[in-house]
Structure formats: structure tokens, C-alpha cells
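Chemist: Before I ask anything, here is the structure I am working with.
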Amino acid sequence: MYRMKRTAAGLAALISMAVLPAAAFAAQCGNDGGRFSAWVQEFKREAAGNGISQSVLDQALSGVSYSRATIRADRGQKSFKLSLDQFMQKRGGQVIISRGRKMRAQNAKLFDSIERRYGVPAGPLIAIWGMETGFGSFLGKEHTLSAVATLAYDCRRSAYFTEQLYAALQLVGRGDLSPSARGAAHGEIGQTQFLPLNVLRYGVDGDGDGHIDMVRSKTDALASTANFLRGHGWQPGAGYRPGEPNFVAIQGWNAASVYQQAIAIIASEIDGD
11 MYRMKRTAAG LAALISMAVL PAAAFAAQCG NDGGRFSAWV QEFKREAAGN GISQSVLDQA
71 LSGVSYSRAT IRADRGQKSF KLSLDQFMQK RGGQVIISRG RKMRAQNAKL FDSIERRYGV
131 PAGPLIAIWG METGFGSFLG KEHTLSAVAT LAYDCRRSAY FTEQLYAALQ LVGRGDLSPS
191 ARGAAHGEIG QTQFLPLNVL RYGVDGDGDG HIDMVRSKTD ALASTANFLR GHGWQPGAGY
251 RPGEPNFVAI QGWNAASVYQ QAIAIIASEI DGD
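Residues in the sequence shown are numbered consecutively from 11, following the numbering used here.
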């Protein structure tokens, strides 16, 4: 039922970009917005030299601007320093559990089909879906390409987000990301908040319409999330609480320990474990 939409050529292009040495990224990073416009022009020249078409570059980058909201969010992230109880309260853990049980019942066939395909039960998928976007109700308000370009320009993690920017350009080129798309502050996309490179690696055309639409298709978003967890070591039928085999896959979703624990708790309450 679910099909990966990655051609051999597209995968080869991704791999070649992913292994470009840091020295290949000659555009000079910055710690404020002063040189951002010049950096965009430098990056466009580099990207064209690395095989990105001029039409995609113009379409994707003509409207980007330096995002101070993204920089504030990147430097902030205070909620990950809370205790588990504080984090659960701040993120509405009990509300996610209550609504998540209803979501599971309302979408039983979908979650059953995903579990048959990927071995991932409903609970972790619903916990992530609820935690990330309130089940698709709020995807973020920042201009996605501006957010990713800002972080590629910013010196703190320039190489990492340069890879994400190349991935975003590929998504624009194949019609899976709108140049006007809006999402979370770090450029995360869709109902379960995938960074662009993860859309390329794990994105699934779950509803069979020919595109991986993480924004409008909950089927694509949830199937892609299951595929991500499987790609990070998920073992069908094994437990996912801390210390159990599948907790390592949850750790792959988010580096913050408090977030990992919250997902496991919420998921187990939804699954009834």
C-alpha cells in the first residue's frame, strides 16, 4: 500500500551531496543578518555548480530572508531542560493521551495497515503526531526555506543545515515542497515535523497520489514517521519504554532525553500497555 518515491537518480544525487566535504561550501557563514543576502547569492552559485537547476534555485530562494525568529528559537529551547513532570505538563501530555486514544479509534484501519507494513504500533506514531503539531492543527508559521537558509548561513551549525537546504531544494524540484511553505522554526515540515533531509530519506507516499505530502496528508506523514522509526532500528513486537529494544528508535527521533521519555509514556498510555 505504501510506496517509497525515490528514484535511483535522485538517491544518487542525494548521496553525492551528503558526502560533499565541508570545504566545498565556500559561502561565508555569519552570526547576524548583515551578509545574508550576499551569502544567498554565493550559495546559489555553489548550488548551481553542484547540479541544482537555476529554475529551482530561483523558485526556491527568491523569497528567502534572514529569520530572526529562527535564530531565537535555535538559541532558546528551554523546555528540554525541564524535569519530565514539568515537560509533560508544559506540553499537555494528558491531553495528547486523551485525544490520541480517540485518534487511534477513528483511524484504526490506517494504523493497522501502517503496523503491518512497518511493525510500528499506533501509540508512538500518535504520541509524535500529537507532540509535534497537535495532530496537524499547528504546523508552525515560519517560512520554511527562509528558516533552513538562515541556519545554513548561521555559523553555529552551517554544514548540517547546508545539507538540509540542499535537501529542501530537491523537494522543491520534485514538487514535494512549496517555495511558500510555512512550518516550524528550524525548517521542519508537515504534521510530524520532518527536516528536509529526512523527507528524502524516509518519506513515504502513503496515500498513493504520486507525492510525499507531509503537510496535507496524514497518511503520508504517519507512514513516513513509521518508516523513520524502522530505519532507526525499530523491531516489530518489542517494547519501546526506556531500557527496551525500541527505545533506541525513539531516541533517534529527538536528542532530548525528556522528549524521548515523554513519547514513550504517552505512547504506552495510548496503546494500553
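Glycine residues also receive a C-beta, built at the ideal position from the N, C-alpha and C atoms. Here the structure is a predicted model, which is why all the values come from computation and not from measurement.
Leaving aside the five residues before and after Val158 along the sequence, list all residues of the same chain whose C-beta is less than 7 Å from its C-beta, in chain order.
Modeler: Contacts found: Phe171, Gln174, Leu175, Ala178, Gly197 and Pro206.
Chemist: Within the continuous alpha helix (DSSP H) that includes Phe46, where are the two ends?
Modeler: It spans Phe46 to Gly59 - the alpha helix (DSSP H) in which Phe46 sits, taken as one unbroken run.
Chemist: Out of curiosity, what's the CA-to-CA distance linking Gly133 and Gly140?
Modeler: C-alpha separation (whole angstroms): 10 Å.
Chemist: Quick check: the Cα distance between Ile62 and Gln69, rounded to an integer number of angstroms?
Modeler: Straight-line Cα distance between these residues: approximately 12 Å.
Chemist: Please state whether the Cβ-Cβ distance between Gly241 and Gln203 is less than 9 Å.
Modeler: Cβ atoms of Gly241 and Gln203: not closer than 9 Å.
Chemist: Check Gly140 in the structure and name its three-state DSSP category.
Modeler: Note: Gly140 maps to helix in three-state DSSP.
Chemist: Please report the Cβ distance between Ile260 and Met224, rounded to the nearest whole angstrom; I am assuming they are in contact, meaning their Cβ atoms lie under 8 Å.
Modeler: With a Cβ gap of about 20 Å, Ile260 and Met224 do not count as contacting.
Chemist: Looking at the secondary structure, which residues open and close the alpha helix (DSSP H) in which Pro206 lies?
Modeler: From DSSP, the alpha helix (DSSP H) with Pro206 extends over Pro206 to Tyr212.
Chemist: Would you decide whether Ala195 is buried or exposed? Buried here means 16 or more other CB atoms lie within 10 Å of its CB.
Modeler: Ala195 should be labelled buried.
Chemist: Between Ser156, Gln201, Ala162 and Leu187, which has its C-alpha nearest Ile136's C-alpha?
Modeler: It is Gln201.
Chemist: Per DSSP, what kind of secondary structure is Arg184 in: helix, strand or coil?
Modeler: Of the three classes helix, strand and coil, the one that applies to Arg184 here is coil, per DSSP.
Chemist: Under the three-state reduction of DSSP, which class applies to Gly193: helix, strand or coil?
Modeler: It is a strand residue.
Chemist: State buried or exposed for Asn41, treating a residue as buried only when at least 16 other CB atoms are found within 10 Å of its CB.
Modeler: Burial call: exposed.
Chemist: Taking the alpha carbon of Asp219 as the point to measure from, which residue in Thr229, Phe148, Ala169 and Met113 has its own alpha carbon closest?
Modeler: Selected option, being the one with the closest Cα: Thr229.
Chemist: Would you kindly report the start and end of the unbroken alpha helix (DSSP H) that includes Met98?
Modeler: From DSSP, the alpha helix (DSSP H) with Met98 extends over Leu94 to Lys100.
Chemist: Can you tell me which of the three DSSP states Gly218 falls into?
Modeler: Gly218: coil per DSSP, three-state reduction.
Chemist: Only counting the same chain, and skipping five residues up and downstream in sequence, which positions put a Cβ closer than 7 Å to that of Asn208?
Modeler: If we look at Asn208 and ignore the five residues flanking it on each side, its Cβ neighbours are Phe238.
Chemist: State the DSSP-derived secondary structure class of Trp263, mapped to helix, strand or coil.
Modeler: Correct three-state label for Trp263: helix.
Chemist: From what residue to what residue does the alpha helix (DSSP H) around Met113 run?
Modeler: Element bounds for Met113: Gly103 to Gln116.
Chemist: Quick one: using the 10 Å Cβ neighbour count with 16 as the cut-off for buried, is Ser65 buried or exposed?
Modeler: Label assigned to Ser65: exposed.
Chemist: I need the straight-line Cα distance from Arg72 to Ala37, nearest angstrom please.
Modeler: Note on residue identity: the sequence assigns Ser, not Arg, to residue 72. Distance between the alpha carbons of Ser72 and Ala37: 17 Å.
Chemist: Between Val74 and Val105, how many whole angstroms is the CB-CB distance? I'm expecting something under 8 Å.
Modeler: Not quite, the Cβ-Cβ distance comes to about 35 Å (not below 8 Å), so this is no contact.
Chemist: Sorted by chain position, which residues of the same chain lie with C-beta nearer than 6 Å to Leu161's C-beta, five sequence neighbours on each side aside?
Modeler: Hits under 6 Å: Phe171.
Chemist: Quick check: is the beta carbon of Pro255 nearer than 9 Å to any beta carbon in chain C?
Modeler: The chain labelled as chain C is not found in the depicted structure, where only one protein chain is given.
Chemist: Going by DSSP in three states, Glu279 sits in which element: helix, strand or coil?
Modeler: It is helical.
Chemist: Quick check: what's the CA-CA separation for Ala33 versus Phe121?
Modeler: Because the pLDDT of Ala33 is 38, which lies under 50, any placement of that residue in the model is unreliable, and the number read from its coordinates should be weighed accordingly. One C-alpha to the other measures close to 44 Å.
Chemist: Taking Tyr163 as part of the alpha helix (DSSP H), name the residues at either end of that continuous run.
Modeler: Thr154 to Tyr163 is the span of the alpha helix (DSSP H), which, as asked, contains Tyr163.
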